[in-house]
Amino acid sequence: MKNTTRTIRVFIALLLFTGNLPVQAQVVTLSHYLFPGFVKGTVKFKNATQQEAQLNYNSLTQEMLFLDKDTPLALDQTENIDTIYIQGRKFIPTEKAFFEVATTGATPLLIRHKCTVIPPGKPAGYGSTSQASGITTLSGISSNLFYKLQLPADYKLIPETEFLLKKGKDYVKITGVKQFITAFPAKSDAIKAYVKQNDPNFKDPADLVKLVDFCNRAS
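Taking this note's numbering, the leading residue of the sequence shown gets 143, the next gets one more, and so forth.
Written out as C-alpha cells, the structure is:
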C-alpha cells in the first residue's frame with residue numbers, strides 16, 4: 143500500500159512539473175514562392191536552345207528566379223524565352239509575369255500565380271493594430287525580404303490565382319461563363335448546356351481544365 147501511495151505521489155509530481163514546462167511555439171512558414179525550394183528546371187529559348195537551372199517562381203514579384211551560387215536572380219530578357227519546364231509543369235513569359243499553362247489546344251487555359259503581402263500593423267492605440275496601409279507595393283518591403291523563401295511569421299500572405307484564356311495574342315481573364323461564350327461564340331449553346339449540366343466552379347482549376355478541354359474539342 144505504501145509503495146502504491148508513493149507511486150501515485152510521484153506521478154502527480156511529474157504531472158505538475160510537466161504542466162509548468164513552456165509550450166513550444168508553433169512554427170508558421172509563409173512562402174510567396176510557388177515551389178517549396180529551388181528545383182531543377184529547364185529554360186527553352188526561342189532559338190531552340192535550352193538551359194537547365196535551379197528555378198522557382200516568386201508570386202510576389204512575379205519573376206522566375208534561378209540560383210547563381212546560392213543567390214536568387216531573376217531571369218531577364220524574357221522575350222527570348224519560349225517555355226520553362228519545372229517538375230512537369232509548364233510556364234510561358236508575358237510582359238508582366240510568367241503564366242502556367244494548364245491545358246493545350248487552340249485556346250489554352252493559363253494560370254497566373256500572385257500574392258499580396260501585409261506587413262505587421264503599426265500600433266493604433268488602445269492595444270489595437272492598424273493595417274490600413276498594410277497591403278503594400280514591393281517598394282514598401284526590403285528587397286532582401288521578398289526574395290527570401292520564407293517571410294517572418296508576423297507577415298500575412300494572401301495568395302491569389304487568376305485564370306485566363308489565351309486567344310491569339312490576347313489574354314482574357316475568366317470570371318464566369320461569359321468569357322467562354324465570347325471566346326467560343328460558335329459553341330455558345332454547347333457551353334451553356336455543359337455549364338447547366340456540370341455546374342463548374344470558375345475558381346476551381348480542375349473544373350476549368352475540363353471546361354476548356356470541352357470547348358476546344360466541341361463541334
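C-beta atoms are modelled at their ideal positions from N, C-alpha and C, and glycine is treated no differently.
Model, not experiment: these values are computed from the prediction.
Between residue i and residue j, what straight-line distance do the alpha-carbon atoms span, to the nearest angstrom?
{"i": "Ile226", "j": "Ile333", "result": "32 angstroms"}
{"i": "Val354", "j": "Phe240", "result": "20 angstroms"}
{"i": "Gly310", "j": "Gly247", "result": "12 angstroms"}
{"i": "Leu197", "j": "Gln292", "result": "16 angstroms"}
{"i": "Leu252", "j": "Ala244", "result": "6 angstroms"}
{"i": "Ala190", "j": "Pro178", "result": "29 angstroms"}
{"i": "Val337", "j": "Leu350", "result": "11 angstroms"}
{"i": "Asp210", "j": "Phe180", "result": "11 angstroms"}
{"i": "Lys345", "j": "Pro327", "result": "22 angstroms"}
{"i": "Pro347", "j": "Ser173", "result": "21 angstroms"}
{"i": "Thr213", "j": "Lys238", "result": "22 angstroms"}
{"i": "Phe288", "j": "Lys320", "result": "36 angstroms"}
{"i": "Pro250", "j": "Asn200", "result": "23 angstroms"}
{"i": "Asp331", "j": "Ala195", "result": "46 angstroms"}
Can you check whether the CB of residue j is closer than 7 angstroms to the CB of residue i?
{"i": "Lys256", "j": "Glu302", "result": "yes"}
{"i": "Gly183", "j": "Ile234", "result": "no"}
{"i": "Ala325", "j": "Leu307", "result": "yes"}
{"i": "Thr258", "j": "Ile223", "result": "no"}
{"i": "Ala360", "j": "Lys315", "result": "no"}
{"i": "Leu207", "j": "Ala216", "result": "yes"}
{"i": "Phe305", "j": "Cys357", "result": "no"}
{"i": "Lys290", "j": "Ile260", "result": "no"}
By Cβ distance, which residues of its chain are closer than 7 angstroms to residue i, with the 5 residues on each side in sequence left out?
{"i": "Arg231", "result": "Glu242"}
{"i": "Asp296", "result": "Pro262"}
{"i": "Thr220", "result": "Pro235"}
{"i": "Gly318", "result": "Phe344"}
{"i": "Leu176", "result": "Asn198, Tyr199, Ser201 and His255"}
Using the three-state DSSP reduction, which class does residue i fall into: helix, strand or coil?
{"i": "Gln339", "result": "helix"}
{"i": "Thr220", "result": "helix"}
{"i": "Phe187", "result": "strand"}
{"i": "Phe344", "result": "coil"}
{"i": "Leu287", "result": "helix"}
{"i": "Asp210", "result": "strand"}
{"i": "Ala328", "result": "helix"}
{"i": "Ile333", "result": "helix"}
{"i": "Thr225", "result": "strand"}
{"i": "Ile253", "result": "strand"}
Considering residue i, what are the terminal residues of the beta strand (DSSP E) in which it resides?
{"i": "Thr303", "result": "Lys298 to Lys309"}
{"i": "Ala325", "result": "Unbroken run through Ala325 is the alpha helix (DSSP H), Val319 to Ala325; no beta strand (DSSP E)."}
{"i": "Pro261", "result": "Taken as a continuous stretch (DSSP letters only), Pro261 belongs to no beta strand (DSSP E), as it is neither H nor E."}
{"i": "Phe233", "result": "Arg231 to Pro235"}
{"i": "Phe241", "result": "Phe240 to Val243"}
{"i": "Gln193", "result": "Gln192 to Asn200"}
{"i": "Tyr175", "result": "Unbroken run through Tyr175: none, as it is neither H nor E."}
Could you give the residue range of the alpha helix (DSSP H) that holds residue i?
{"i": "Phe356", "result": "Pro347 to Arg359"}
Who are the near neighbours of residue i in its chain, counting only those whose CB is closer than 8 angstroms to its CB and skipping five residues on each side?
{"i": "Lys188", "result": "Asn222, Ile223 and Asp224"}
{"i": "Lys352", "result": "Asn340 and Pro342"}
{"i": "Tyr313", "result": "Thr236, Phe241, Leu252, Leu306 and Leu307"}
{"i": "Asp218", "result": "none"}
Return the chain-ordered list of same chain residues with a C-beta closer than 6 angstroms to the C-beta of residue i, the five sequence neighbours on each side being excluded.
{"i": "Gln193", "result": "Val185"}
Less than 7 angstroms between CB atoms is the rule here; does residue i satisfy it with respect to chain B?
{"i": "Gln229", "result": "The chain inventory of the structure shown lacks chain B, comprising one protein chain alone."}
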